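Below is one structure, written out as structure tokens; the observations come after it.
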Amino acid sequence: MLNTNILPQYLVKNITGKKKPHLRNLTNDRSSGLPTLVSVFPLLDSLRKKMPLAIFYIDIENFQSIENTKGKEVSQHILWTIGEFLKSASFDFYGRRQNLVTVSLGSDDFLVFVDLPPIDEDFAVHYSALKAELEKQINQIIAPLKLEKNLHIHLGYAEIKDNACAFIESVVYKAIKEAAFTAKNYAHASEHAKWQIFKTIISQKGIRTFYQPIISLKNGKITGWEALSRGPQGSLLETPLALFNAAQYYNHLYELEIICQEKALARISPYLKGHYLFLNISPRIIYSHYEQHLKFIEQLLAKYALDSQNIVLELTERDAIENYEQFKKALNHYRDSGFLIAIDDTGAGYSSLQAIAETKPEFMKVDMSLIRGIDKDPTKKALLETLVNFSCKIGTQIICEGIETLEEFKTLASMGCDYGQGYFIAQPAPDISQEISSPITSDNSFFFYPSCYDFKSSHKIEDMARYQESLPPDTPVTSIVDLFKNNKLINSYAICENDIPIGLITRERLFAILGSRYGYDLFARKPVRNIMDKQPLILPGYTPVEEAASVIAARLENGFMDNYIIVTRNCSYAGIVNTSKIIDTLARIQIAQAKDAHPLTGLPGNCYIKRKLTSLIEAKQEFTVLYIDLDDFKAFNDYYGFGHGDRAITLLADIINEQVRSYGNAEDMVGHIGGDDFIVITTPEKADTVANHIIAEFDRNITKLYDQAAQKCGYIETANRQGVITRFPIMTLSIAGITNNREAPFVDYLHLSETAAKVKKIAKQQKGSSYLNSRKISLPD
């Protein structure tokens with residue numbers, strides 16, 4: 001029998017059949033007898049001024065099914081009973097909490113307001129204990145109803161934010177929304193614990209920032225740092241994967257990312273001059289919040305006195321880009337503000353290649369899955385070679401992530417990759433490393449330097465060689481048949497004895513021999529030495545592509561058809577390269593050279609010169625550059641015409657080439673900057689001799705280009721730049737010599753050019769042909 005003493009008055013008639021007079025209390029819920037939320041706002045407003053508050057949201061699981069099966073009277077008896085229990089229930093949650101007021105939200109939804117508990121990392125334990133205790137006591141007090149199953153509750157928790165300026169209704173409703181959402185969406189205590197940790201991270205900006213150096217694979221210098229974010233140490237959200245997955249799940253990704261970015265920028269200012277900071281950012285942020293985010297990050301840059309040109313926004317693949325047109329429009333706002341763009345995890349996600357094509361980033365970061373074990377994996381190496389070639393064509397730079405071994409490092413450097421990062425180089429650290437304390441920084445052999453002198457030898461065959469396992473000469477032919485059948489990508493094997501190549505077996509040769517009449521019976525059980533090519537083309541890895549192509553052509557004339565070259569390093573086997581790749585590379589080199597070479601002299605042009613000088617400077621090589629300039633060439637060109645002007649240019653080019661060949665080094669380079677300006681890159685000990693011989697030879701031959709009258713009087717008369725007729729002497733040369741010393745090297749190509757301009761200006765003030773070396777004069781600041 002129901003206990004009618006605890007029921008609301010308006011239900012008594014329905015159950016007992018007797019009327020009892022009652023008054024409706026509009027401030028109380030009729031089902032539970034508890035106050036309504038609206039009625040307690042004044043009390044809550046008063047309480048929050050005295051203490052911090054929190055709420056528990058309690059909801060009966062599947063209560064509608066109880067209403068459907070047990071009826072309205074039993075259901076409301078349950079709600080009334082639970083309401084009475086909650087009013088005086090003890091909430092043991094990080095100690096005993098004060099049950100300040102209990103209210104009904106209608107139906108089976110209840111709120112209990114308590115004093116704020118001291119939340120810590122054991123939230124899941126306390127949450128589970130409280131939920132279990134509440135369910136136990138609720139089932140005890142409704143036991144007389146003899147329900148088929150025990151009741152279970154959804155339990156949610158939220159803090160009421162201490163904001164004295166906000167209306168009490170606003171802060172309470174916000175807390176209710178949070179508590180109700182977590183109660184009904186998070187089934188496990190660990191999910192509730194993660195949410196509490198995440199909330200604390202956001203409210204307290206509890207992010208730890210680590211900086212991992214990114215270095216040049218050309219010279220080992222630090223190019224910049226990637227800022228990596230971590231959650232509180234030892235927490236469920238310590239790792240970046242857990243942290244950002246939680247942010248996406250809770251729909252707070254923007255709030256988390258701006259905290260991470262602010263933390264990263266706060267300490268980088270003293271180190272960022274001449275370096276980059278890579279900031280991770282989700283495409284969703286750019287797509288959905290670019291106006292708000294761009295304003296935020298520009299304010300941060302101003303606050304910390306940073307330049308956007310040193311900031312690289314690294315687009316992560318946490319979510320796919322759905323509308324590239326709108327995304328590019330948003331991204332252009334960042335580019336207009338000076339930010340650079342990097343694509344993360346290139347080669348890992350399905351959308352990364354499209355992202356590269358659409359966004360045209362300044363940097364491509366190659367995913368560590370492609371880098372891991374690349375020194376042993378021909379397929380990975382081939383893929384990366386494609387990316388390196390692709391990056392050159394579109395003008396972006398490659399950064400290899402996750403380098404963990406010396407072998408990986410050497411392979412990537414030798415392939416011409418631009419930059420690298422990983423644990424082998426330096427682990428992420430809370431302090432910003434300005435130097436790498438690793439053996440790689442003290443051994444220049446680890447780094448890849450393109451040839452800085454020879455216009456024809458910047459590509460070596462070892463850069464294209466594919467390393468694969470070699471075979472001993474006693475390997476059975478049947479075993480090699482199996483190798484070829486099981487690996488369709490491999491078409492040749494080097495045959496080596498003590499790591500020294502002695503032969504080559506190709507797929508084509510093997511099956512041609514075995515497929516001939518009696519071939520299988522004769523050779524299938526024999527060792528490979530019986531059928532291998534005993535005169536394969538074997539070349540050292542440092543062989544230039546052009547020289548390799550010449551050897552291939554020469555052997556072809558002698559009846560050798562070489563489809564593969566065995567590549568060696570210190571006479572030992574180092575890999576195999578397909579000759580078609582040699583020919584293709586040579587063709588691309590020649591096309592590139594033709595584009596860059598000066599059309600009149602055929603000498604390397606300005607782009608190539610700049611690349612070579614930059615490479616020399618970065619490698620801290622000691623060298624001297626001779627900048628050679630014709631004096632009064634414009635007057636000669638105006639007086640005699642362009643045809644004679646071209647003759648003067650080609651004469652000077654021939655003289656320079658001849659003197660460099662005679663008095664310089666075999667590796668010295670001659671370049672044509674443009675017009676009447678030339679350049680020679682040589683060694684400091686040869687510079688003076690080469691320069692003086694160029695001047696002597698030029699002075700002996702230049703008069704031949706003038707008519708007899710000019711030769712006799714020593715000048716021509718023509719209009720100067722102001723249109724005034726002026727006497728111009730026979731052309732002379734001004735040569736400025738600039739030496740890069742290891743002890744005090746130039747900072748970059750621009751620094752060298754500025755110094756050259758100062759020296760050349762002094763040289764041109766001398767009468768007649770002159771040569772000045774920067775080592776022997778004092779330059780103005």
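Residue numbers for the sequence shown follow full-length UniProt numbering, so the first one is 1 and each next one is one higher.
Cβ atoms here follow ideal geometry from the backbone N, Cα and C, with glycine treated the same way.
Remember, predicted model here, so these are calculated numbers, not experimental data.
Within the segment 170 to 237, the complete beta strand (DSSP E) segments at least 3 residues long are 208 to 216 and 222 to 230, listed from N- to C-terminus. Residues Asn28, Gly83, Leu86, Lys87, Thr102, Val103, Ser104 and Phe110 of the same chain have their beta carbon placed closer than 8 angstroms to that of leucine 34, with the five preceding and five following residues left out of the count. Taking a C-beta distance under 8 angstroms as the contact criterion, lysine 365 and threonine 346 qualify as a contact pair. A residue is called buried once 16 or more other Cβ atoms fall within 10 Å of its Cβ, and methionine 731 is buried on that count. By the neighbour-count criterion, in which 16 or more other beta carbons inside 10 Å mark a residue as buried, arginine 775 falls on the exposed side. Beta-bridge analysis with DSSP links alanine 129 to no other residue.
Given a length threshold of 4 residues, each whole run of the alpha helix (DSSP H) inside the segment 289 to 354 is given here in chain order: 324 to 336. Residue environment for asparagine 185: exposed (fewer than 16 other C-beta atoms within 10 angstroms of its C-beta). For asparagine 701, the enclosing alpha helix (DSSP H) begins and ends at 684 to 701. Assigned with DSSP and collapsed to three states, glutamate 159 falls in strand. Per DSSP, reduced to three states, the secondary structure at methionine 364 is strand.
Within 10 angstroms of the beta-carbon of leucine 331 lie 16 or more other beta-carbons, which makes it buried. The beta carbon of leucine 504 sits closer than 7 angstroms to those of Ser492, Ala494, Ile495, Met532, Asp533, Pro536, Tyr564 and Ile566, all from its chain and outside the five residues before and after it, given in chain order. The C-beta of aspartate 92 has fewer than 16 other C-beta atoms within 10 Å across all chains shown, which makes the residue exposed. Following the DSSP letters along the chain, one finds isoleucine 738 inside the beta strand (DSSP E) bounded by residues 732 to 740. Proximity of the segment 520 to 531 to the segment 475 to 484 meets the contact definition, three or more beta-carbon pairs being nearer than 8 angstroms.
Measuring C-alpha to C-alpha distances from tyrosine 663 to each of Asn558, Val690 and Asn637 identifies Val690 as the nearest. Sequence-distant Cβ neighbours of lysine 610 in its own chain, meaning closer than 8 angstroms and more than five residues away, are Tyr749. For aspartate 638, the enclosing alpha helix (DSSP H) begins and ends at 633 to 640.
Put simply, of Leu217, Phe244 and Ile679 the residue whose alpha carbon is nearest the alpha carbon of isoleucine 403 is Leu217. Contact between glycine 156 and tyrosine 57 is confirmed by a C-beta separation of about 4 angstroms, below the 8 angstroms threshold.
Per DSSP, reduced to three states, the secondary structure at glycine 675 is coil, with no helix or strand assignment. Of the residues Ala166, Ala587 and Met669, the one whose Cα lies closest to the Cα of phenylalanine 41 is Ala166. Nearest to glutamate 322 by alpha-carbon distance, out of Ser337, Gln354 and Lys303, is Gln354.
Annotation for alanine 736: Tyr627, Ala756, Val759, Lys760, Ala763 and Leu772 place their beta carbon closer than 7 angstroms to its own, counting only its chain and skipping 5 residues before and after.
In this structure, the beta-carbon distance from serine 337 to alanine 305 does not fall below 8 angstroms.
Judged by DSSP secondary structure, isoleucine 552 falls within the alpha helix (DSSP H) whose first and last residues are 545 to 557.
Looking at Gly643, Ile679, Glu685 and Ala666, the one whose alpha-carbon comes closest to that of asparagine 741 is Glu685. Assigned with DSSP and collapsed to three states, glycine 643 falls in helix. Per DSSP, the beta-bridge partners of glycine 503 are Ile495. The alpha-carbon separation between isoleucine 502 and histidine 459 amounts to approximately 26 angstroms.
Sorting Thr81, Pro118, Leu79 and Gln76 by C-alpha distance to the C-alpha of arginine 96 places Pro118 at the top.
The beta-carbon distance between glycine 231 and leucine 277, rounded to whole angstroms, is 21 angstroms. This is too long to meet the 8 angstroms contact definition.
Under the DSSP assignment, phenylalanine 56 falls in the beta strand (DSSP E) whose first and last residues are 53 to 60. Separation of phenylalanine 123 and isoleucine 55 (C-alpha to C-alpha, rounded to the nearest whole angstrom) is 15 angstroms. Non-local beta-carbon contacts of asparagine 280 in its own chain, meaning distances under 6 angstroms to residues more than five positions away in sequence, involve Glu314 and Thr316 in chain order.
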